[in-house]
Structures are given as C-alpha cells and as structure tokens.
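Chemist:
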Amino acid sequence: MPLLHVRCAKCRKMISTGLDVDFETFKDLTDTERTLECPRCEETQVWSLDDVDRSVFKA
Ligand SMILES: [Zn+2]
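Just add 22 to wherever you are in the sequence shown, counting from 1, and you've got this note's numbering.
1. CA-CA distance, E65 and S77?
2. Using CA coordinates, which residue listed in V43, D75 and L58 is at the minimum distance from H27?
3. Please report the straight-line C-alpha distance between D53 and L71, rounded to a whole angstrom.
4. On the three-state DSSP scale, how would you describe S38?
5. Would you mind reading off the limits of the beta strand (DSSP E) that contains T47?
Shown next, in the form of structure tokens:
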C-alpha cells in the first residue's frame, strides 16, 4: 500500500505522513487536522486529507 506524503509548507519537500493505506481506506479516513514534524526543517505541519499527494494512487 502506498505511503502517503504531504508537502512541507516551509522547505517544500515531500514528507511522509506515516500513513500507509490503500485508496479505499483513504476515502474512509476522517478528514481532520493532523500534525507532523518535517524531518528536514523541523517545521510542524498541520495537514488534512486535502494536502495529501494523491498521485500515489494512480499507479
Ligand atoms: Zn520542511
């Protein structure tokens, strides 16, 4: 299953959310704000499902 990524608002790198789900599971996730610390710049991200890079599901 693809590992979900979001783009860091500060350094613009794609960072792993730690969520590893298929598209069916993704669609059923609760759309709430989650937080994540960027491993590159240590900026704390607040992200929601809209921020996820969905290109991983197209393969
Ligand atoms: Zn960053």
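Each residue gets a CB set at the ideal place from its N, CA and C atoms; glycine is no exception.
Modeler: Reading off the structure:
1. Within the sequence shown, the letter at position 43 stands for residue 65. Within the sequence shown, the letter at position 55 stands for residue 77. It is roughly 24 Å from the alpha-carbon of E65 to the alpha-carbon of S77.
2. Locating residue 27 in the sequence shown gives position 5, counting from the first residue. Taking only the C-alpha atoms, the option nearest H27 is D75.
3. Taking the first residue of the sequence shown as position 1, residue 53 is located at position 31. Taking the first residue of the sequence shown as position 1, residue 71 is located at position 49. Each residue's Cα considered, the two are about 6 Å apart.
4. The sequence position of residue 38 within the sequence shown is 16, counting from 1. It is a strand residue.
5. For the purposes of this step, residue 47 is taken as the residue at position 25 of the sequence shown. Where T47 is concerned, there is no enclosing beta strand (DSSP E), although the alpha helix (DSSP H) around it starts and stops at F45 to D50.
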